[in-house]
Amino acid sequence: MTSSDNFVTIEMFNARMDRLEAIVEKNVALIQKENAEFRMQVQKDIATFKDEIRADMNNFKSEMHSGFDKVHGEIGVLQRDVEGLKHDVTGLYHWDYWLLSIILIVFVMPQFIMGIQSFFKALTEGVNSLRSAFKSKN
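Under my numbering, think of the first position of the sequence shown as 4, with each following residue one higher.
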């Protein structure tokens, strides 16, 4: 090998190195471009995801509000039903007293009246016997 052969080899080496540097720079530029596109896509996907989550949360909130409104409505209906049942129970107590009174009048009152009549009959007989006792002494 002569020195001129080495010189040509060094020139070839430098040319190849320049070519490799150009390829590396081209690849780096391509990677940077792809990274920028990927970053933009990720940001876009995150924004879309956030919008979907916000929409889901708003739907959930509206469903919860409508659910609570239904529950409040049903509670109002139950309260009215309970008030009606209280009124009905009060009416039943009233009717129970009247029914008891009627039963007492029908079954117990005749015996009560007979007891009063027998009391007055005994009283009358006692008074008549006392009167006759006083008349016989006079």
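All C-beta atoms, glycine included, are put in the ideal place defined by N, C-alpha and C.
Hey, how far is the Cα of residue i from the Cα of residue j?
i: V109; j: M117; result: 13 Å
i: S121; j: S135; result: 21 Å
i: D99; j: G87; result: 18 Å
i: K89; j: R83; result: 10 Å
i: H75; j: V111; result: 53 Å
i: H97; j: V85; result: 18 Å
i: N30; j: K36; result: 10 Å
i: K47; j: D54; result: 11 Å
i: F41; j: I34; result: 10 Å
i: M15; j: A25; result: 15 Å
i: D21; j: V27; result: 10 Å
i: R19; j: A39; result: 30 Å
i: V130; j: P113; result: 25 Å
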